[in-house]
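Chemist: Before I ask anything, here is the structure I am working with.
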Amino acid sequence: MTIAETINADLTSAMKKQDELERGALRLVRSALKNKEIDLRRPLTDEDVLAVLKTMKKQYEDALADFKRGGRADLVEKQEKEIAVVARYLPAELPDAEIEKIVRGQIAALGASSPGDVGKVMGAAMKEIAGRADGTRVREAAQRLLAS
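Counting along the sequence shown from 1, when you hit position 122 you're at 133 in the working numbering, and nothing is skipped either side.
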(Lines of atoms letter the chains of each structure in order from A and count residues from 1; the text may use other names and numbers.)
(Lines give C-alpha, C1' and ligand atoms only; values in the text may rest on other atoms or scores of the structure.)
Protein backbone atom coordinates (compact mmCIF):
# COMPACT_ATOMS: atom_id res chain seq x y z
CA MET A 1 0.00 0.00 0.00
CA THR A 2 1.43 3.40 -0.97
CA ILE A 3 1.62 6.33 1.41
CA ALA A 4 -1.18 8.11 -0.48
CA GLU A 5 -3.42 5.04 -0.18
CA THR A 6 -2.67 4.85 3.54
CA ILE A 7 -3.60 8.52 3.94
CA ASN A 8 -6.90 7.96 2.11
CA ALA A 9 -7.68 4.91 4.27
CA ASP A 10 -6.89 6.86 7.43
CA LEU A 11 -9.10 9.71 6.24
CA THR A 12 -11.99 7.31 5.80
CA SER A 13 -11.34 5.93 9.28
CA ALA A 14 -11.23 9.45 10.77
CA MET A 15 -14.56 10.23 9.11
CA LYS A 16 -16.12 7.11 10.58
CA LYS A 17 -14.74 7.95 14.05
CA GLN A 18 -15.91 11.56 13.63
CA ASP A 19 -12.44 12.79 14.60
CA GLU A 20 -12.68 16.35 13.31
CA LEU A 21 -9.06 17.34 13.88
CA GLU A 22 -7.57 14.31 12.15
CA ARG A 23 -10.15 14.49 9.38
CA GLY A 24 -9.36 18.14 8.74
CA ALA A 25 -5.61 17.59 8.75
CA LEU A 26 -5.85 14.61 6.40
CA ARG A 27 -8.13 16.54 4.05
CA LEU A 28 -5.49 19.28 3.86
CA VAL A 29 -2.83 16.65 3.16
CA ARG A 30 -4.93 15.02 0.47
CA SER A 31 -5.61 18.41 -1.10
CA ALA A 32 -1.89 19.28 -1.15
CA LEU A 33 -1.15 15.90 -2.74
CA LYS A 34 -3.79 16.44 -5.40
CA ASN A 35 -2.41 19.90 -6.18
CA LYS A 36 1.11 18.47 -6.53
CA GLU A 37 -0.22 15.73 -8.80
CA ILE A 38 -1.87 18.37 -11.00
CA ASP A 39 1.34 20.42 -11.09
CA LEU A 40 3.44 17.41 -12.09
CA ARG A 41 0.79 16.06 -14.50
CA ARG A 42 1.47 12.49 -13.41
CA PRO A 43 0.60 10.21 -10.51
CA LEU A 44 2.69 10.83 -7.41
CA THR A 45 5.39 8.46 -6.29
CA ASP A 46 6.06 7.82 -2.60
CA GLU A 47 9.06 10.19 -2.87
CA ASP A 48 6.76 12.94 -4.18
CA VAL A 49 4.31 12.31 -1.34
CA LEU A 50 7.11 12.48 1.23
CA ALA A 51 8.34 15.78 -0.24
CA VAL A 52 4.84 17.27 0.08
CA LEU A 53 4.50 15.98 3.65
CA LYS A 54 7.89 17.42 4.64
CA THR A 55 6.89 20.79 3.21
CA MET A 56 3.61 20.72 5.09
CA LYS A 57 5.33 19.77 8.34
CA LYS A 58 7.80 22.62 7.95
CA GLN A 59 4.98 25.09 7.25
CA TYR A 60 3.06 23.84 10.29
CA GLU A 61 6.15 24.17 12.50
CA ASP A 62 6.68 27.74 11.29
CA ALA A 63 3.05 28.54 12.06
CA LEU A 64 3.42 26.90 15.49
CA ALA A 65 6.36 29.17 16.29
CA ASP A 66 4.28 32.20 15.26
CA PHE A 67 1.37 31.09 17.44
CA LYS A 68 3.68 30.62 20.42
CA ARG A 69 5.17 34.07 19.94
CA GLY A 70 1.66 35.52 19.69
CA GLY A 71 0.51 33.79 22.86
CA ARG A 72 -2.25 31.83 21.10
CA ALA A 73 -2.42 28.72 23.28
CA ASP A 74 -5.62 27.53 21.57
CA LEU A 75 -3.95 27.50 18.16
CA VAL A 76 -0.69 26.06 19.51
CA GLU A 77 -2.46 22.92 20.71
CA LYS A 78 -4.33 22.46 17.43
CA GLN A 79 -1.16 23.00 15.36
CA GLU A 80 0.82 20.50 17.45
CA LYS A 81 -1.85 17.86 16.81
CA GLU A 82 -1.81 18.58 13.08
CA ILE A 83 1.98 18.26 13.03
CA ALA A 84 1.63 14.87 14.75
CA VAL A 85 -0.85 13.72 12.08
CA VAL A 86 1.48 14.72 9.23
CA ALA A 87 4.58 13.34 10.97
CA ARG A 88 2.94 9.93 11.23
CA TYR A 89 3.56 9.39 7.50
CA LEU A 90 7.16 10.60 7.46
CA PRO A 91 10.17 8.35 8.12
CA ALA A 92 11.65 8.54 11.59
CA GLU A 93 14.19 11.32 12.14
CA LEU A 94 17.81 10.28 12.63
CA PRO A 95 19.19 10.78 16.13
CA ASP A 96 21.85 13.48 16.59
CA ALA A 97 24.58 10.86 17.11
CA GLU A 98 23.84 9.29 13.72
CA ILE A 99 23.82 12.69 11.99
CA GLU A 100 27.15 13.53 13.60
CA LYS A 101 28.59 10.18 12.45
CA ILE A 102 27.52 10.84 8.85
CA VAL A 103 28.88 14.41 8.93
CA ARG A 104 32.21 13.17 10.37
CA GLY A 105 32.43 10.64 7.55
CA GLN A 106 31.80 13.32 4.93
CA ILE A 107 34.37 15.66 6.52
CA ALA A 108 36.95 12.89 6.32
CA ALA A 109 35.98 11.92 2.75
CA LEU A 110 36.14 15.51 1.50
CA GLY A 111 39.18 16.51 3.53
CA ALA A 112 37.27 19.48 4.94
CA SER A 113 39.04 21.35 7.68
CA SER A 114 37.69 24.89 7.98
CA PRO A 115 34.27 26.45 8.71
CA GLY A 116 34.27 27.61 5.08
CA ASP A 117 33.79 23.99 3.97
CA VAL A 118 30.36 23.69 5.60
CA GLY A 119 28.58 23.94 2.23
CA LYS A 120 30.54 21.07 0.67
CA VAL A 121 30.05 18.87 3.73
CA MET A 122 26.33 19.74 3.92
CA GLY A 123 25.73 18.82 0.28
CA ALA A 124 27.37 15.43 0.61
CA ALA A 125 25.81 14.70 4.01
CA MET A 126 22.29 15.64 2.87
CA LYS A 127 22.57 13.20 -0.04
CA GLU A 128 23.48 10.41 2.37
CA ILE A 129 20.83 11.38 4.91
CA ALA A 130 18.18 11.50 2.16
CA GLY A 131 15.47 13.38 4.00
CA ARG A 132 15.74 11.54 7.30
CA ALA A 133 16.82 14.71 9.13
CA ASP A 134 16.20 18.42 8.92
CA GLY A 135 18.88 20.43 7.13
CA THR A 136 19.18 22.77 10.10
CA ARG A 137 20.30 19.92 12.35
CA VAL A 138 22.82 18.74 9.74
CA ARG A 139 24.21 22.28 9.28
CA GLU A 140 24.59 22.72 13.05
CA ALA A 141 26.49 19.44 13.31
CA ALA A 142 28.76 20.39 10.39
CA GLN A 143 29.45 23.85 11.82
CA ARG A 144 30.19 22.42 15.27
CA LEU A 145 32.56 19.74 13.94
CA LEU A 146 34.39 22.06 11.54
CA ALA A 147 34.83 24.76 14.19
CA SER A 148 36.69 22.44 16.53
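Idealized CB from N, CA, C, for every residue including glycine.
These numbers were taken from a predicted model, which means no experiment stands behind them.
From Asp30, Asp145, Lys45 and Arg143, pick the residue whose C-alpha is nearest to that of Glu16; which is it?
Modeler: Lys45
Chemist: Kindly indicate which three-state DSSP category Pro106 falls into: helix, strand or coil?
Modeler: DSSP places Pro106 in coil when its eight states are reduced to three.
Chemist: Using the Cβ count rule (16 or more neighbours within 10 Å means buried), how would you classify Ala103?
Modeler: exposed
Chemist: Going by the beta-carbon positions, is the gap between Pro126 and Leu157 smaller than 8 Å?
Modeler: yes
Chemist: Is it true that the CB of Leu55 sits closer than 8 Å to the CB of Arg38?
Modeler: no
Chemist: What residue range does the alpha helix (DSSP H) around Ser24 cover?
Modeler: Ile14 to Lys28
Chemist: What residue from Arg53, Ala152 and Val97 has the CA that sits closest to Val132's CA?
Modeler: Ala152
Chemist: With a cut-off of 8 Å, do at least 3 Cβ pairs link the segment 108 to 128 to the segment 64 to 79?
Modeler: no
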